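Trainee: Structure below; questions to follow.
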Amino acid sequence: MTTFDIDWVRSQFPALSTKVNGYPAVFFDGPGGTQVPQRVIDAMGACLAASNANTHGAFATSRRTDEVIAAAHGAMADMLGCDAEEIVFGPNMTTLTFALSRALGREFAPGDEIIVTRLDHDANVSPWTALEERGCAIRFVDIHPGDCTLDMDELRQKVTPRTRVVAVGYASNAVGTINDVAEVVRLAHAVGAMACIDAVHYAPHGPIDVRSLDCDFLVCSPYKFFGPHSGVLYGKREHLLRLRPYKVRPATNNLPGRWETGTQNHEGMAGVTAAVEYLADLGRRHTPEAHGQRVALLAAYHALRAYEQRLLGQLVPALLEIPGLTFYGIAEHARFQQRVPTVAVRLAGRSPRELAAYLGERGIFTWDGNYYALNLSERLGVEPYGGMLRIGLVHYNTAEEIDRLHEALRELAMQKRIP
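Convert by adding 1143 to the 1-based position in the sequence shown; the result is the number in the numbering used here.
Quick look at the structure:
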């Protein structure tokens, strides 16, 4: 593999030329939504210009719309390692998960159990806790507060023959922990339960192979991996055919259309295809012999994962040496393979909102609050105090940007608080 071509990467993203108060913008807000390559913008505009019609019509623009839709399903199938008809598009991950939980709920009975965690984004919690209205019992799995990892021993204890669904995130959107999702799937299947994996935050950082993972369902959001705002659900074919989704009567019963309610965001689908193609091109630049889109995507993740690990190795020690800073999550370099480059911190005497505003005035974009990981924020005891400051790196970030962040936070930490 050649050296990671960060100059080429950054040249693909027009937003990276933004300036704030004379400072070049630093996008450390990736966990809330990444920036997009120019090709994504172009693809969405071209779709609106040349394919702005509904589906299955007997005319040219409608046929082109059908081609856009087919290409998007094929691109996501390449990305996740499945068949195109096992890919379902929707407006976002949250809506898709609610649709899935409602369909599954039709089969559940009072006393059936659903397992969720205190580490997850609430979009992988509330759709499942809503099934309490059908008499389902919700079982929460706790975390180890010291490093914000999932308590797998507790999970093993709570998975029983009454368990119907185990819903777990691939990686935490708040503190970056990567869960042992393969073990989660194994535990669920051992008692005949289904495993539903939220891969929204993992998808920008690592490869996904739903076949080898053997999960029943997996959701992700293209706007977290350099595409437009939309959601994607993978479901095993047998489940998608057996379950009864809520849909209008004229809608097809074929896959994947029976799950794609209403008119879809066609220009968004065109953008998703372009985002996947961008990642594949990144893979080919670093592994020229990577032939075929799936192989090129795996090469891209191999390259960007190694690059992000180097950035993480710079970021975490820099944060840990700032006076008064509290770090949440895995901090040991030897364990960085168990996390993605998303970190959460607090600084003594400053609210997370103050930190985000201070950095924002210097062109450094970060998030404050709970980022919908409400159970985690409550478990760590920081919810009443504004949550945490989240710094989320992706592969278009640089070592120089980390230096700017460190300098700004250290400068703030050394300032005397004015009453």
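Glycine included, C-beta positions come from ideal geometry on N, C-alpha and C.
Here the structure is a predicted model, which is why all the values come from computation and not from measurement.
(1) Looking only at C-alpha atoms, which of P1399, R1505, L1517 and G1535 sits nearest to Y1528?
(2) Roughly how many angstroms lie between the CA atoms of P1562 and A1446, to the nearest whole one?
(3) Based on the DSSP secondary-structure assignment, which residues constitute the bridge partners of H1287?
(4) How close, in whole Å, do the beta carbons of F1470 and T1177 come, if the pair is a contact with beta carbons under 8 Å?
(5) How long is the line joining the alpha carbons of R1385 and T1240, rounded to whole angstroms?
(6) Find the nearest neighbour of P1253 within the set R1496, Y1539 and E1275, judged by alpha-carbon distance.
(7) Does the structure place the stretch 1471-1488 close enough to the stretch 1317-1326 that three or more beta carbon pairs sit under 8 Å?
(8) T1485: which of E1451, A1500 and A1193 sits nearest, CA to CA?
(9) Less than 8 Å between the CB atoms is what I'm expecting for W1510 and P1174, so what's the real figure, rounded?
(10) For the ligand NAP, any of its heavy atoms closer than 8 Å to the Cβ of D1148?
(11) Span of the beta strand (DSSP E) holding E1256?
(12) Could you pull out every unbroken beta strand (DSSP E) segment of at least 3 residues lying fully inside the stretch 1534-1560, listed in chain order?
(13) At a cut of 8 Å, does the stretch 1332-1340 reach the stretch 1352-1359 through at least three beta carbon pairs?
(14) For the alpha helix (DSSP H) holding W1271, just list the boundary residues, first then last.
(15) Assuming S1194 and R1182 are in contact, meaning their beta carbons sit under 8 Å apart, how far apart are those beta carbons, in whole angstroms?
(16) Less than 8 Å between the CB atoms is what I'm expecting for I1534 and F1171, so what's the real figure, rounded?
(17) Is Q1457 near I1545, with beta carbons less than 9 Å apart?
(18) Among all the DSSP beta bridges, which residues are the ones paired with D1185?
(19) Would you tell me roughly how many angstroms separate the C-alpha atoms of L1519 and T1395, rounded to the nearest one?
(20) Take the Cβ of H1476 as the centre, count every other Cβ of all protein chains shown within 10 Å, and call the residue buried at 16 or more, exposed below.
(21) According to DSSP, simplified to helix, strand and coil, what is I1351?
(22) Please name the residue, chosen from L1523, R1282, E1497 and Y1345, that lies closest to L1298 on a Cα-to-Cα basis.
(23) Is it true that the stretch 1427-1445 meets the stretch 1396-1409, where meeting means three or more beta-carbon pairs spaced less than 8 Å apart?
Mentor: Looking at the coordinates:
(1) L1517
(2) Confidence is the limiting factor: at P1562 the pLDDT is only 41, short of 50, which leaves the residue's position unreliable, though a coordinate-based value still follows. Cα to Cα, the separation comes out at about 48 Å.
(3) T1292
(4) F1470 to T1177, Cβ: 23 Å. No contact.
(5) 17 Å
(6) E1275
(7) yes
(8) E1451
(9) 7 Å
(10) The ligand NAP is absent from the structure shown, which contains no ligand whatsoever.
(11) E1256 to T1260
(12) none
(13) yes
(14) S1269 to T1272
(15) Not quite, the Cβ-Cβ distance comes to about 16 Å (not below 8 Å), so this is no contact.
(16) 5 Å
(17) yes
(18) None, per the DSSP bridge assignment.
(19) 40 Å
(20) exposed
(21) coil
(22) R1282
(23) no
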